[in-house]
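Student: One line per chain: the protein sequences are A and B, in this order.
Sequential numbering of the first sequence, starting at 0, is according to numbering that gives the first Met the number 0.
Sequential numbering of the second sequence, starting at 0, is according to numbering that gives the first Met the number 0.
Even glycine gets a Cβ: it sits at the ideal position worked out from N, Cα and C.
Handing you this structure, nothing more for now.
There are 2 protein chains.
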Amino acid sequence: MQQQIESIVLPNGLAIVSERMPDTRAAAFCWLLPGGSVYQQPGKAGTSTILADLLFRGAGQRSGRELLGQLSLLGVQNEESITPAHLVLSGVTQARNLVETLPVYADILRRPHLPEEEFDAARSGLEMTLASNEDDPRQKLTLELRRRTYPAPWGIPADGELADLPAIDMDDVRQLAKSSLQPHQAIFSVASSLALNDLLPTLEKLLGDWQPGEITAPPLPPTTGGYDHLTHESQQTQIGIAYPAADSTHPDYLKAWAIVSILSGGMSSRLFTEVREKRGLCYSVSANLHSLKGAARVICSASSQNERAQETLDVLLAELQRLKLGIAGEELARCKALAKSSLVMAQDSTSSRAASIARDWYQLGYVRTLQSLKQQIEDLTVSDLLAYLDRWPLANLQILTVGPQPLVIHFNQ
Amino acid sequence: MQQQIESIVLPNGLAIVSERMPDTRAAAFCWLLPGGSVYQQPGKAGTSTILADLLFRGAGQRSGRELLGQLSLLGVQNEESITPAHLVLSGVTQARNLVETLPVYADILRRPHLPEEEFDAARSGLEMTLASNEDDPRQKLTLELRRRTYPAPWGIPADGELADLPAIDMDDVRQLAKSSLQPHQAIFSVASSLALNDLLPTLEKLLGDWQPGEITAPPLPPTTGGYDHLTHESQQTQIGIAYPAADSTHPDYLKAWAIVSILSGGMSSRLFTEVREKRGLCYSVSANLHSLKGAARVICSASSQNERAQETLDVLLAELQRLKLGIAGEELARCKALAKSSLVMAQDSTSSRAASIARDWYQLGYVRTLQSLKQQIEDLTVSDLLAYLDRWPLANLQILTVGPQPLVIHFNQ
Chain A
0 MQQQIESIVL PNGLAIVSER MPDTRAAAFC WLLPGGSVYQ QPGKAGTSTI
50 LADLLFRGAG QRSGRELLGQ LSLLGVQNEE SITPAHLVLS GVTQARNLVE
100 TLPVYADILR RPHLPEEEFD AARSGLEMTL ASNEDDPRQK LTLELRRRTY
150 PAPWGIPADG ELADLPAIDM DDVRQLAKSS LQPHQAIFSV ASSLALNDLL
200 PTLEKLLGDW QPGEITAPPL PPTTGGYDHL THESQQTQIG IAYPAADSTH
250 PDYLKAWAIV SILSGGMSSR LFTEVREKRG LCYSVSANLH SLKGAARVIC
300 SASSQNERAQ ETLDVLLAEL QRLKLGIAGE ELARCKALAK SSLVMAQDST
350 SSRAASIARD WYQLGYVRTL QSLKQQIEDL TVSDLLAYLD RWPLANLQIL
400 TVGPQPLVIH FNQ
Chain B
0 MQQQIESIVL PNGLAIVSER MPDTRAAAFC WLLPGGSVYQ QPGKAGTSTI
50 LADLLFRGAG QRSGRELLGQ LSLLGVQNEE SITPAHLVLS GVTQARNLVE
100 TLPVYADILR RPHLPEEEFD AARSGLEMTL ASNEDDPRQK LTLELRRRTY
150 PAPWGIPADG ELADLPAIDM DDVRQLAKSS LQPHQAIFSV ASSLALNDLL
200 PTLEKLLGDW QPGEITAPPL PPTTGGYDHL THESQQTQIG IAYPAADSTH
250 PDYLKAWAIV SILSGGMSSR LFTEVREKRG LCYSVSANLH SLKGAARVIC
300 SASSQNERAQ ETLDVLLAEL QRLKLGIAGE ELARCKALAK SSLVMAQDST
350 SSRAASIARD WYQLGYVRTL QSLKQQIEDL TVSDLLAYLD RWPLANLQIL
400 TVGPQPLVIH FNQ
């Protein structure tokens, strides 16, 4: 599992992080720009997504059509997304085309046309996406639970809000472009067979004189928890529970991760066994660890038929409380085995590695190697996990249900 | 792109296909058993899914709990699915655990307990999954379009039908287990650093005396096409169009594939440009080539706001008709570039390779190497594609819409 990680920070602030994967002919890259949803003006959620769309409608010497045609000719399969902290431009192609791809992205970042006449098309595309999410109760649960457990602006739906769209105009987009499309706090990551030195001269030529701006992320207030219900006429009730856990910058992070794996990793996990297999209460139940930089949540969710929703919620809460009563050695052994096979798989995927090293750089300022992760997971003991559960008691739960009827919370915060 | 493909067919009929990927430490495997949805009794759609669930509730010396625990300890991330032709058991783990995983699967296939007392839990789990699909209009479009364009039993929803569930009983499951869990027409594929010879002694010991049955897939009648509308109160109308194309066993297959890529591969593709970017008609539009063994369809789908649904359908049909008027050399060049980067990426993924070599073996009786695919794609010319469009004219269209109002079809079959 020897990994070759290289990194450099240009004088203007742009961090470049590379993982060399000598056995692959694919190349994946990620641009993290400080233009995520927390940087939008209040009441204008959606500006980031519209900006990401407009970036590909012409840049430098190329019209939008020429730009997209050029990326296709280079075999680039690109994807854009918005997280709370970042506007993310990622892509995969053949390693042999990677160097030629860089000037196209340099144009997109430094010389986008942002054509005003296409603003309406971009906004109406987003409107249709958001409207279609409205019809999906599982999607709604995820977004609304996050909104409640992470105080604003960190919890607002990253893609945007339907109600905000009419208020957004081209000036908002230009302002966000100005503050976010600059090298200060920006990260470029790449995973391929190339060494950093194969790319650096080109990157320095294209981006060395990119002028940095100043940008500071808004603070993230603590959560208090609570219960909320959204009425939705359907056969199924969606149930969500979120509560604080150690985030990825915290020394306890892997313990939080192991706890969640014991709850929900694989078909022997507690939630799958207790909620689904034994009681047949619902067809989907899961727990995930969701981490921002400096704050994380365990997020449990379940979909259940309405008449069994109360029992599902009761069992979920009971399972969360039962954790501190003890963890079997075999549960931890299973969690470690699944983690190791996941690490082995992650090692084969350029796009997974490019995303991971960029995220590590942002959250930690360095890259965790898979070898060190594996070792730390190997070293975990049941007492470590129980001590973690003492330090991070089940508290400040945010519970949300979406369905015809609210439920009763049998739990004292 | 040198690939090492090995295969052997045991005397009892079981085909074993292996791709050696020396650079990875991951291992992926696929069991294709002739127990897909076409083998269910008429009016009992769901039997295959219930069987797949019950297979993991105990086998050989292990209870269900022990079985799942053992798979987790081996780091196996397993996944089961039903296609028209197959009951598919797949998984990934570390290559070092692969040999130990084989006896567990041999138990599952040859000595499953199929506990009657857990039948209700398995069926009610499926009921909840299918009920939740009912709420999702995009899912509904996909399933109902397939049902209409592929005559029964090939077009029925592979996972099952809500209305059929009450009619299914344990005898149906046992009967399907008997006919499908046997080596005749079964395929086992694996992609890992191991050679076939590293696995063969174990496989022969475990499965050499597995007794074959006899099984024949039902015939697949031709389609006639038509228009249908399903009323659904929503803001969006779902539009689907399906029509016959060269299937994966046909010499014209890659031409069909290239046509679909020109329609829908990447952001420069025709549908994305004409329907979404230029006219802003919908937020999602795509075309895919869906191939069974011996029959395939181009399947186009779009989601549009109700008031723009008619125009979206009109533009979609116009784009399909416009294909035969000409294809630009640059369109084909982009399609080739994207195909090559996809092939390079597929080469890194054990699970993608294990699935591909199993499917190739089933559909073709041999494995297409990525090198030969690449060469055949490289050799395609615009005249090849236009000649294909002559041989496979746009006909027998099956159109389906899901939304508040039916649309008008401006197209003469």
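1) Going by C-alpha to C-alpha distance, which of 350/A, 397/A, 338/A sits closest to residue 20/A?
2) So is residue 55/B in contact with chain A if we call contact Cβ pairs under 8 Å?
3) How many whole angstroms separate the CB atoms of residue 361/B and residue 292/B, which I take to be in contact at a CB cut-off of 8 Å?
4) Establish whether the CB of residue 235/A and some CB of chain B are separated by less than 8 Å.
5) Identify whether residue 68/B lies in helix, strand or coil by the three-state DSSP scheme.
6) Take the Cβ of residue 140/B as the centre, count every other Cβ of all protein chains shown within 10 Å, and call the residue buried at 16 or more, exposed below.
7) Quick one, which residues of the segment 279–292 of chain B are near chain A if we go by CB-CB under 7 Å, in chain order?
8) What are the boundary residues of the alpha helix (DSSP H) that residue 95/B is part of?
9) Rounded to a whole number of angstroms, what is the C-alpha to C-alpha distance between residue 75/B and residue 64/B?
10) When the Cα atoms are used, what is the spatial distance from residue 32/A to residue 47/A?
11) What do you get for residue 277/A, buried or exposed, if any count of 16 or more other CB atoms within 10 angstroms of its CB means buried?
12) Residue 172/A and residue 113/A look like a contact to me (Cβ under 8 Å); what is the Cβ gap, rounded to whole Å?
13) Return the CA-CA distance between residue 105/A and residue 331/B, expressed in angstroms with no decimal places.
14) By DSSP, does residue 288/B sit in helix, in strand, or in coil?
15) From the DSSP secondary-structure annotation, give me the bridge partner or partners of residue 366/B.
16) If the cut-off is 9 Å on Cβ atoms, which residues from the segment 240–269 of chain A count as contacting chain B, listed in chain order?
17) Give the range of the beta strand (DSSP E) segment to which residue 1/B is assigned.
18) To be precise: take each residue of the segment 90–118 of chain A, compare its Cβ to all Cβ atoms of chain B, and keep it if any distance is under 7 Å. Which residues remain?
19) Per DSSP, residue 77/B forms a beta bridge with which residues?
20) Closer than 7 Å by beta-carbon distance: list the chain B residues that pair up with residue 128/A, in chain order.
21) Closest to residue 299/A by CA distance: which of 310/A, 286/A, 404/A is it?
22) Between residue 205/B and residue 405/B, what straight-line distance do the alpha-carbon atoms span, to the nearest angstrom?
23) Please classify residue 387/A: does DSSP put it in a helix, a strand, or coil?
24) To the nearest angstrom, report how far apart residue 127/B and residue 190/B are at their CA atoms.
25) For the segment 147–162 of chain B against the segment 177–191 of chain B, do three or more pairs of beta-carbon atoms, one drawn from each stretch, fall closer than 8 Å, so that the two count as touching?
26) Give every residue of the same chain whose Cβ lies closer than 7 Å to the Cβ of residue 320/A, excluding the five residues on either side of it in the sequence, and list them in chain order.
27) Looking at chain B, is there any beta carbon in it that lies within less than 8 Å of the beta carbon of residue 73/A?
28) Which class does residue 184/B belong to by DSSP, given the choice of helix, strand or coil?
29) Alpha carbon to alpha carbon, how far is residue 175/A from residue 39/B? Give it in angstroms, no decimals.
30) CA-CA distance, residue 228/B and residue 37/B?
31) Write down the C-beta distance between residue 239/A and residue 163/A rounded to the nearest angstrom, noting that I regard them as a contact closer than 8 Å.
32) Among the residues of its own chain, which have a CB less than 7 Å from the CB of residue 421/A, if the five just before and after it don't count?
33) Less than 6 Å between C-beta atoms, sequence neighbours within five positions excluded: which residues of the same chain meet that for residue 29/A?
34) Expressed to the nearest angstrom, what Euclidean distance is found between the alpha-carbon atoms of residue 71/A and residue 58/A?
35) Could you compute how far the alpha carbon of residue 265/A sits from the alpha carbon of residue 144/A?
36) Counting only Cβ pairs nearer than 7 Å, list the residues of chain B close to residue 339/A.
Tutor: In this structure, then:
1) Taking the first sequence and counting its residues from 1, the one referred to as residue 20/A is at position 21. Here the closest residue by C-alpha is 350/A.
2) Locating residue 55/B in the second sequence gives position 56, counting from the first residue. It does: the Cβ of residue 55/B has a partner Cβ on chain A nearer than 8 Å.
3) For the purposes of this step, residue 361/B is taken as the residue at position 362 of the second sequence. For the purposes of this step, residue 292/B is taken as the residue at position 293 of the second sequence. The Cβ separation is near 7 Å, so the contact holds.
4) By 1-based counting over the first sequence, the position of residue 235/A is 236. Closer than 8 Å: yes.
5) Reading the second sequence from its first residue, position 69 is the one you call residue 68/B. In the structure shown, residue 68/B sits in a helix (DSSP, three-state: H, G or I).
6) As a working note, residue 140/B is residue 141 in the second sequence. It counts as buried.
7) 279, 281, 282
8) What you label residue 95/B is simply residue 96 of the second sequence in a count that begins at 1. Where residue 95/B is concerned, there is no enclosing alpha helix (DSSP H), given that its DSSP letter is neither H nor E.
9) For this step, residue 75/B is matched to residue 76 along the second sequence. For this step, residue 64/B is matched to residue 65 along the second sequence. Each residue's Cα considered, the two are about 15 Å apart.
10) For the purposes of this step, residue 32/A is taken as residue 33 along the first sequence, with counting starting at 1. For the purposes of this step, residue 47/A is taken as residue 48 along the first sequence, with counting starting at 1. Using only the alpha carbons, I get a separation of about 11 Å.
11) Translated into the one-based positions of the first sequence, residue 277/A becomes position 278. Exposed: under 16 other Cβ atoms inside 10 Å.
12) By one-based count along the first sequence, residue 172/A stands at place 173. By one-based count along the first sequence, residue 113/A stands at place 114. Contact flag correct, Cβ pair sits at about 6 Å.
13) Along the first sequence, one-based indexing puts residue 105/A at 106. Along the second sequence, one-based indexing puts residue 331/B at 332. So the alpha carbons of these two residues sit roughly 26 Å apart.
14) In the second sequence, counting from the first residue as 1, residue 288/B sits at position 289. Residue 288/B: strand per DSSP, three-state reduction.
15) Locating residue 366/B in the second sequence gives position 367, where the first residue counts as 1. DSSP output for residue 366/B lists no bridge partner at all.
16) 264, 265, 266, 267, 268
17) For the purposes of this step, residue 1/B is identified with residue 2 of the second sequence, where counting begins at 1. Premise fails: residue 1/B is in no beta strand (DSSP E) and is neither H nor E.
18) 91, 92, 93
19) On the second sequence, position 78 is the one that residue 77/B refers to. Answer is 90/B, bridged to residue 77/B.
20) What you label residue 128/A is simply residue 129 of the first sequence in a count that begins at 1. Neighbours of residue 128/A on chain B, chain order: 282.
21) As a position in the first sequence, residue 299/A is number 300, starting the count at 1. The shortest C-alpha separation from residue 299/A is found at 286/A.
22) Sequence index remark: in the second sequence, residue 205/B carries index 206 (1-based). Sequence index remark: in the second sequence, residue 405/B carries index 406 (1-based). Approximately 56 Å, taken between the alpha carbons.
23) The residue labelled residue 387/A in the question sits at position 388 within the first sequence. Residue state, collapsed to three classes: helix.
24) As a working note, residue 127/B is residue 128 in the second sequence. As a working note, residue 190/B is residue 191 in the second sequence. Straight-line Cα distance between these residues: approximately 34 Å.
25) no
26) One-based indexing of the first sequence puts residue 320/A at position 321. Here the set comprises 393.
27) The residue you call residue 73/A lines up with position 74 of the first sequence. Chain B contact via Cβ: present.
28) Counted from its first residue, the second sequence places residue 184/B at position 185. Looking at residue 184/B - three-state DSSP - the assignment turns out to be coil, as it is neither helix nor strand.
29) In the second sequence, the residue the question calls residue 39/B occupies position 40. In the first sequence, the residue the question calls residue 175/A occupies position 176. Near 57 Å, if we compare the C-alpha coordinates of residue 175/A and residue 39/B.
30) For the purposes of this step, residue 228/B is identified with residue 229 of the second sequence, where counting begins at 1. For the purposes of this step, residue 37/B is identified with residue 38 of the second sequence, where counting begins at 1. Roughly 25 Å separates the two Cα atoms.
31) Working through the first sequence from its first residue, we reach residue 239/A at position 240. Working through the first sequence from its first residue, we reach residue 163/A at position 164. Rounded, the Cβ-Cβ distance is 23 Å, inconsistent with contact.
32) No statement about residue 421/A is possible, as the shown extent of chain A runs from 0 to 412 and does not include it.
33) By one-based count along the first sequence, residue 29/A stands at place 30. Around residue 29/A: 89, 188, 353, 354, 357.
34) By 1-based counting over the first sequence, the position of residue 71/A is 72. By 1-based counting over the first sequence, the position of residue 58/A is 59. Cα-Cα distance, rounded: 15 Å.
35) As a working note, residue 265/A is residue 266 in the first sequence. As a working note, residue 144/A is residue 145 in the first sequence. Residue 265/A and residue 144/A: Cα-Cα distance of roughly 24 Å.
36) As a first step, residue 339/A is located in the first sequence; it is residue number 340 there, counting from the start. Within chain B, the residues near residue 339/A are 74, 93.
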